[in-house]
Amino acid sequence: SLVVLFGATAGAYGAKLGSDERELILLVWQVVDLHSKKVGTLHKSLVKADNLELSDQCREVSGLTPEGLGKAEPLDRVLQQFSQLVSSDLKVLGRSSYTLCSDGQLLIRQVLHPETSKKNFLLSDCFYSFYDLRKEFHTCYPSSAAMKDQTIKTMAEYLGLGTDEAEEDFGVWQVKTMVAIIFSMLSEGCNHVFTEPETVKCKYETGPCLLWLLFFFFLCSSKSETVDSETVIRARGLPWQSSDQDIARFFKGLNIAKGGVALCLNSQGRRNGEALVRFVNSEQRDLALERHKHHMGSRYIEVYKATGEEFLKIAGGTSNEVAQFLSKENQVIIRMRGLPFTATQEDVLGFLGPECPVTGGKEGLLFVKYPDGRPTGDAFVLFSCEEYAQNALKKHKEILGKRYIELFRSTAAEVQQVVLNRYMSTPLIPTLPTPIIPVIPSPYTIATGSIRDCVRLRGLPYTASIDDILEFMGDATGDIKPHGVHMVLNQQGRPSGDAFIQMKSADKAFMVAQKCHKKMMKDRYVEVFQCSGEEMNFVLMGGTLNRSGLSPPPCKLPCLSPPAYAAFQTAAVIPAEAAALYQPQALLPTTRTPQASAAAPPTVTYYPAQAAQLYMNYTAYYPSPPVSPTTVGYIAAPPGAVAAAATATHTPILPQPGALVRMQGLPYNTGMKEILSFFQGYQYAPDDYNGLIQLSDQARSVLQAPKEWVCL
Numbered sequence: 002s003l004v005v006l007f008g009a010t011a012g013a014y015g016a017k018l019g020s021d022e023r024e025l026i027l028l029v030w031q032v033v034d035l036h037s038k039k040v041g042t043l044h045k046s047l048v049k050a051d052n053l054e055l056s057d058q059c060r061e062v063s064g065l066t067p068e069g070l071g072k073a074e075p076l077d078r079v080l081q082q083f084s085q086l087v088s089s090d091l092k093v094l095g096r097s098s099y100t101l102c103s104d105g106q107l108l109i110r111q112v113l114h115p116e117t118s119k120k121n122f123l124l125s126d127c128f129y130s131f132y133d134l135r136k137e138f139h140t141c142y143p144s145s146a147a148m149k150d151q152t153i154k155t156m157a158e159y160l161g162l163g164t165d166e167a168e169e170d171f172g173v174w175q176v177k178t179m180v181a182i183i184f185s186m187l188s189e190g191c192n193h194v195f196t197e198p199e200t201v202k203c204k205y206e207t208g209p210c211l212l213w214l215l216f217f218f219f220l221c222s223s224k225s226e227t228v229d230s231e232t233v234i235r236a237r238g239l240p241w242q243s244s245d246q247d248i249a250r251f252f253k254g255l256n257i258a259k260g261g262v263a264l265c266l267n268s269q270g271r272r273n274g275e276a277l278v279r280f281v282n283s284e285q286r287d288l289a290l291e292r293h294k295h296h297m298g299s300r301y302i303e304v305y306k307a308t309g310e311e312f313l314k315i316a317g318g319t320s321n322e323v324a325q326f327l328s329k330e331n332q333v334i335i336r337m338r339g340l341p342f343t344a345t346q347e348d349v350l351g352f353l354g355p356e357c358p359v360t361g362g363k364e365g366l367l368f369v370k371y372p373d374g375r376p377t378g379d380a381f382v383l384f385s386c387e388e389y390a391q392n393a394l395k396k397h398k399e400i401l402g403k404r405y406i407e408l409f410r411s412t413a414a415e416v417q418q419v420v421l422n423r424y425m426s427t428p429l430i431p432t433l434p435t436p437i438i439p440v441i442p443s444p445y446t447i448a449t450g451s452i453r454d455c456v457r458l459r460g461l462p463y464t465a466s467i468d469d470i471l472e473f474m475g476d477a478t479g480d481i482k483p484h485g486v487h488m489v490l491n492q493q494g495r496p497s498g499d500a501f502i503q504m505k506s507a508d509k510a511f512m513v514a515q516k517c518h519k520k521m522m523k524d525r526y527v528e529v530f531q532c533s534g535e536e537m538n539f540v541l542m543g544g545t546l547n548r549s550g551l552s553p554p555p556c557k558l559p560c561l562s563p564p565a566y567a568a569f570q571t572a573a574v575i576p577a578e579a580a581a582l583y584q585p586q587a588l589l590p591t592t593r594t595p596q597a598s599a600a601a602p603p604t605v606t607y608y609p610a611q612a613a614q615l616y617m618n619y620t621a622y623y624p625s626p627p628v629s630p631t632t633v634g635y636i637a638a639p640p641g642a643v644a645a646a647a648t649a650t651h652t653p654i655l656p657q658p659g660a661l662v663r664m665q666g667l668p669y670n671t672g673m674k675e676i677l678s679f680f681q682g683y684q685y686a687p688d689d690y691n692g693l694i695q696l697s698d699q700a701r702s703v704l705q706a707p708k709e710w711v712c713l
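In the working numbering, the protein residues as written are 2 to 713.
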C-alpha cells in the first residue's frame, strides 16, 4: 500500500518548499491499495506552528489564516494522529504495511526531518523510506518533461486528467490528483511497479573516508580515487564546538557519505568554523545548498559549493595507523590537547581513570607526532559509549604532570586532518621564495596617530565589495581620503566582516558614525564606530574595538607559526614593520649597520602573490590594499618602482646569523614576560627589537624597564 502525502509550510511553496525554514502548517494524506486499487479515507489536518505569521504566497495559495491555525494541534500530536489513522485505514483495506509517496522530495527531506530535529522529537520509521512520484512518473513515461520541471499539474495534464483545482480545498485537490496519476500508472498499458523507494539515513556514519589514499600519494600529488565536485559543499559560520554529528543534524533528511564531514582547522589545529561535507550524490548536494543561512542554534550557517579537491585536502589523507585507529565502528572520539611531551599511554589511561574506560585499552589511543617522532601534545581517544565520553569530558582542564589538559569532542575527519597536517608540517620559520619585486614602497600609507578621523565598519556581509561599502556610505563617500578604504581579511585571505575608512577629518568621521551606525547592508545591519589611526592599527594586530573602548590583542606582536593556509590568494599589502619579518634578507643578513635600529616612519610594503604566504599568529588580521572611491581594485606596482627595487640594497634588519633562536614546547598560556624571564642573564638589545617591529609605549616599557627580567 501507498500513503499519498502532501504538505505545506507557512512560507515558500513549490520548488522552494523548506528553503526558508518556515514550519509545517498542513498535512493531507490518503491510503491507496495498489493491488485492489481501492483508497481509504482522505484526511486533512492543520498544524499549529510556533510562529503563526504566514507569507503572502502562503495566504494566497492555501487560503489559510493565522486564526484558523491557532486552533490546530502541534506537529507532534498531528504525527501521532497520522499514524493512528493510517493504521485504521489499512485494517479496513486488509493491509498491514505501507510506504509513503510524496510529490518530490522536499516535504520529507527539507521540511519534516529538519523541523522535527530542531524540535527534538523522533519521526516514525515510515518517514525514512518513501517514493518520489515525480521520479516514478518519469520512469513510467520517459517522454514526459524532466523531473525538475514536473508538478502535479503538469503530470495530470500529460495524462489528460480532467481535474479542476478551483473546485477542491488546498491540499485535497493535490492528493486526489496524485492518486489518479498513480492509478493511471498502474493501468494495463503501463503496469508500473513501485520497487525502489528513496531512503533517508537515520544516522550519520562516522569513520574514515573510504578513499584510502596513502600518504605518499599526497606527497606525489597523485590520487588513486577522486571525489565528485558535484557532491561537496562548504559550511561556514559553525560554532567552534560543533562536532560532525551536529553538522549531520543540521543537514538532517539529506544523505551524507560515510565519513563525509570534514571539520576545517587553522594553523594551530583549532577549528575555524568551517566544514566540508560530502553527500552521496549531486541531488542531495543541491538540496543542501537550499539550506543556505539556515540556523544552527542562534547562528545562521552559510552553505556554498566546494570541490572534490578541497575535500580531499581536508579529509582524504590517512595513514595506516589512523586507518587502524578509526576502523572500530560506532565509537565516540575525544581529543586531548596539551599533554606533556613525556606522557605515555599508561599516563593517559591513568588520567582518564576507571570511570571512562578506553576502547581496546592502549589500542584506543592515538598520539599525534611530528615527522621526526616528537610528540605534539595532542592525542585522540576512543570510547564505546556516550556515558564514558561524558565522564572523560568532565576532566577538562584537570592536571596531568604539571600541565592542564583540554578535552573536546572530535570526529574521524579531524583525526585524519590533524595527523596529516602535523606529519606534513614544515619548520616553524620557513624561507620564503624571493619576491619578484622584493620591496616596493607605496605612496599610500595606513593612517597612524591619535586623531579620530577613521571609522570602523563591523558586521559586513562576507560578500560585500568596495562598491557595496561606498553605496552604504552614501553622501559621505566624498569625504573619504584618497585610497582610504581598507577591507580587513582573515588569515585565509577571506573578508573578515570588518573594514576601516579614513575620512578627511574627525568631524566627518563622527558624522558618518552617527548616521550609518546599524544601517542595513544587504540583509545585515552594520555597526559603525569612530576611531583613530592608532586604534585601527591596534585592531589589525588582533585587538578589539567597540563603543566601550579598546581591548588588548591576545598577542601584541606578530608571531611566526606553522603554515596551513595562504594568507592571500592575490597580492597583499601589509604594514612594513610586519612585512620586515618575512623578508629573506631579514632572515639571513650579511652585515649589521648602526642605522638598522633607527626609528623609521610607518610605511606600507607591497608583496606580489608569489611571496604573499604570511605565517602569522591566527589572531592577527590583515588589511587589504587601500582603495580610493575612484580606483576600485588592487594597487599595481609602477614600472619605475620595479626597476628601482631590482637594484636597491636593503638595510639588514637582524644581526649576524645565529642571533635568532626558536623556542618549541611553550605552554599555551605563555606571555612575553615569561619568555623574557626565561632568558634572564643573557644579553638582549631592545634596539634590535624596535628596529624589527614598531612597538607601542606599553610594550617598549616591558622590554626596557624591568631589569630583573633581562640583563642588558
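Backbone N, C-alpha and C fix where the C-beta goes; we use that ideal spot for every residue, glycine too. On a predicted model such as this, the values are computed, not experimentally measured, just so you know.
Candidates the options, of which the one nearest residue i by Cα
| i | options | result |
| --- | --- | --- |
| E54 | R23, V32, L28 | R23 |
| G95 | L18, E472, V33, G498 | V33 |
| M504 | C532, R495, L490 | C532 |
| Q325 | G339, L366, I335, P67 | L366 |
| P67 | D51, R78, V233 | D51 |
| K363 | G351, E303, S678 | G351 |
| G402 | A344, V416, N392 | A344 |
| S125 | K202, K177, V369 | K202 |
| Q391 | A73, I335, E231, Q81 | I335 |
| L43 | G71, K136, P115, T178 | T178 |
Straight-line gap, residue i to residue j (C-alpha atoms, nearest Å)
| i | j | result |
| --- | --- | --- |
| D480 | K519 | 20 Å |
| G19 | M474 | 35 Å |
| V62 | S56 | 10 Å |
| K516 | I470 | 14 Å |
| R410 | E322 | 20 Å |
| F122 | M522 | 37 Å |
| G105 | T10 | 15 Å |
| E197 | V304 | 30 Å |
| D247 | S451 | 46 Å |
| Y205 | H484 | 50 Å |
| H139 | L187 | 14 Å |
| L714 | V527 | Limits of the chain in this structure are 2 at one end and 713 at the other, which puts residue 714 out of reach. |
| D245 | L264 | 7 Å |
Collapsed DSSP secondary structure at residue i in the structure displayed
| i | result |
| --- | --- |
| V48 | strand |
| K92 | helix |
| W673 | Rather than Trp, the amino acid found at residue 673 in this sequence is Met. M673 falls in the helix class under three-state DSSP. |
| G378 | strand |
| T200 | strand |
| I315 | helix |
| A11 | coil |
| S130 | strand |
| V1 | With the chain running from 2 to 713 in the structure shown, residue 1 is simply not present. |
| A647 | Summary for A647: the model assigns pLDDT 45, below 50, so the residue's position carries little reliability, and this model does not support an answer. |
| S20 | coil |
| P668 | coil |
| Q106 | coil |
| F280 | strand |
| F530 | strand |
| L327 | coil |
Contacting residues, own chain, Cβ-Cβ under 6 Å from residue i (five flanking each side not counted)
| i | result |
| --- | --- |
| Q58 | Y14 |
| L6 | W30, L101, S103 |
| Q285 | L255, N256 |
| A477 | V513 |
| L65 | none |
8 Å Cβ shell around residue i - same chain, five flanking residues per side excluded
| i | result |
| --- | --- |
| V40 | Q31, V32, V33, D34, V180 |
| M337 | V349, D379, A380, F381, V382, I406, E407, L408 |
| T360 | K329, Q332, L383, F384, S385 |
| T200 | Y129, S130, N256 |
| L3 | V32, V33, L35, Y99, T100, L101, C102, Y132, I183, F195 |
Cβ neighbours of residue i in the same chain (closer than 7 Å, five flanking residues each side left out)
| i | result |
| --- | --- |
| P358 | Y389 |
| A16 | none |
| L70 | I26, L47, K49, A50, L53 |
CB contact check: residue i to chain B, cutoff 8 Å
| i | result |
| --- | --- |
| Q81 | Absent from the structure: chain B. Only one protein chain is present. |
Taking 8 Å as the cut-off, does the region 264-283 touch the region 235-243 (at least 3 CB pairs, one atom from each stretch)?
They touch, by the three-pair rule.
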